[in-house]
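**Student:**
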Ligand code: MG
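Residue numbers (my numbering): 26 to 406.
(1) DSSP has residue 328 in a bridge; who is on the other side?
(2) Of all the options 264, 198, 101, which has the alpha carbon lying nearest to the alpha carbon of residue 7?
(3) Ends of the beta strand (DSSP E) at residue 141?
(4) If you follow the beta strand (DSSP E) that residue 64 is in, where does it begin and where does it stop?
(5) Could you check the C-alpha separation between residue 112 and residue 397 for me, to the nearest Å?
(6) So, for residue 325: in the same chain, excluding its five sequence neighbours on each side, which residues have a beta-carbon less than 7 angstroms away from its beta-carbon?
(7) With a threshold of 16 other CB atoms inside 10 Å of the CB of residue 389, please say whether the residue is buried or exposed.
(8) Tell me which residues share the same chain as residue 216 and place their Cβ nearer than 7 angstroms to its Cβ, disregarding the 5 neighbours each side in the sequence.
(9) Between residue 195 and residue 272, which are expected to be in contact by the criterion C-beta below 8 angstroms, what is the C-beta distance as a whole number of angstroms?
(10) How would you label residue 235, buried or exposed, when you count the other beta carbons within 10 angstroms and need 16 or more for buried?
(11) Classify residue 270 as helix, strand or coil using the three-state DSSP reduction.
(12) Do residue 169 and residue 356 come within 9 angstroms of each other at the CB atom, strictly closer than that value?
(13) Return the bridge partner residues of residue 408 from the DSSP annotation.
(14) Can you name the start and end residues of the beta strand (DSSP E) that residue 171 belongs to?
(15) Determine the contact status of residue 34 and residue 158, defining contact as a CB-CB distance below 9 angstroms.
(16) Need the endpoints of the beta strand (DSSP E) that residue 260 sits in, please.
(17) With a threshold of 8 angstroms (Cβ to nearest heavy atom), would residue 324 be considered close to ligand 1?
(18) Within the same chain, show all residues whose beta-carbon is closer than 7 angstroms to that of residue 50, passing over the 5 residues directly before and after it, in chain order.
(19) So, with DSSP's three-state summary, where would you put residue 88?
(20) Could you name the residues of the same chain whose beta carbon sits closer than 7 angstroms to that of residue 207, not counting the 5 residues immediately before and after it, in chain order?
(21) If I follow the unbroken beta strand (DSSP E) through residue 194, where does it start and stop?
(22) Is residue 173 near ligand 1, with its Cβ less than 8 angstroms from a heavy atom?
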């Protein structure tokens, strides 16, 4: 079998390091790696994997990286240009987009235009510009292979759909660290409590999103674009054990689910080996050991993020880009102890209510809506 040649954007983050971790199991050759500013880890990865090119988004970090790798023939790039170089390298077949946030949008669009298949872990890209990304993917005939565990589950189940359309998607949500808490109890939760996720080991931004349930809101929008379903046909159900990763329903009411231990290496591996399946180093699922799987309806009063995301999703246009930008800024403020937990959805909702709307979406309008939303969140009192 020909080795797939891959570029990993964000190789030093949570998804990036787990991607590197399973490379022994999959027939892939790494041609590019990028980081924001983790020079030490990127250097170690580069020495082990011998990519053709590496890049650091942070200019200072790129300088250090250039010095660190001076004894190799690896090309070192910097900034947004560096990220785009890595995403469009002529030798790459597939680009893993594992960067966090809006910064992933431009390199993803450039990679698609260059004909690369995308293993998508950067959900903000689809949330902000799903319409543009899916249209470009169709135009250039590239595959978007979801890495997000829920969307990978839907993708895996959907292999059995044949010519049938999906009647419904059921997205499972762990409920995060604050499941079962009422709104009043959430007013005093701390950053440390919010950063402690019961099932998944993830980066800080997505862990906070998981606590507010904006993560599930973003995933609803992601699913809407990936599977061309309106938001009202996407149901969210709390599943505390994170074993059932998501489900699809057909016209006759039959429901298919994908199950597995909560470990991101499984969906990452499937995105890299699709349509083939190869042994994975993740522990096997033992249902008898787990014993019981539980499901609950989400509490949209304590977690308004779900309602806000549904609203933005139904509007389309630039509403989702506004919501996403506002959320990224609000999470940043919360992580720096500048606002309280409940102020995250409050600020997002206020900014969303006031932001100018565009029905016709262009890349410029996405970027402008995002920037404006962030600015607004930071300036609110
Ligand atoms: Mg997920």
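All C-beta atoms in this analysis are idealised placements derived from N, C-alpha and C, irrespective of residue type, glycine included.
**Tutor:** Straight from the coordinates:
(1) Per DSSP, none; premise fails for residue 328.
(2) The first residue shown for the chain is 26 and the last is 406, placing residue 7 beyond what the model contains.
(3) Looking at the DSSP string, residue 141 is not in any beta strand (DSSP E), and its letter there is neither H nor E.
(4) It is not in any beta strand (DSSP E) - residue 64 instead sits in the alpha helix (DSSP H) that spans 64-74.
(5) 27 angstroms
(6) 331, 332
(7) exposed
(8) 359, 360, 362
(9) 4 angstroms
(10) buried
(11) strand
(12) no
(13) This structure cannot settle anything about residue 408, because the visible part of the chain is limited to 26 through 406.
(14) 169-171
(15) no
(16) 259-263
(17) no
(18) 294, 303, 304, 305, 306
(19) helix
(20) 327
(21) 193-198
(22) yes
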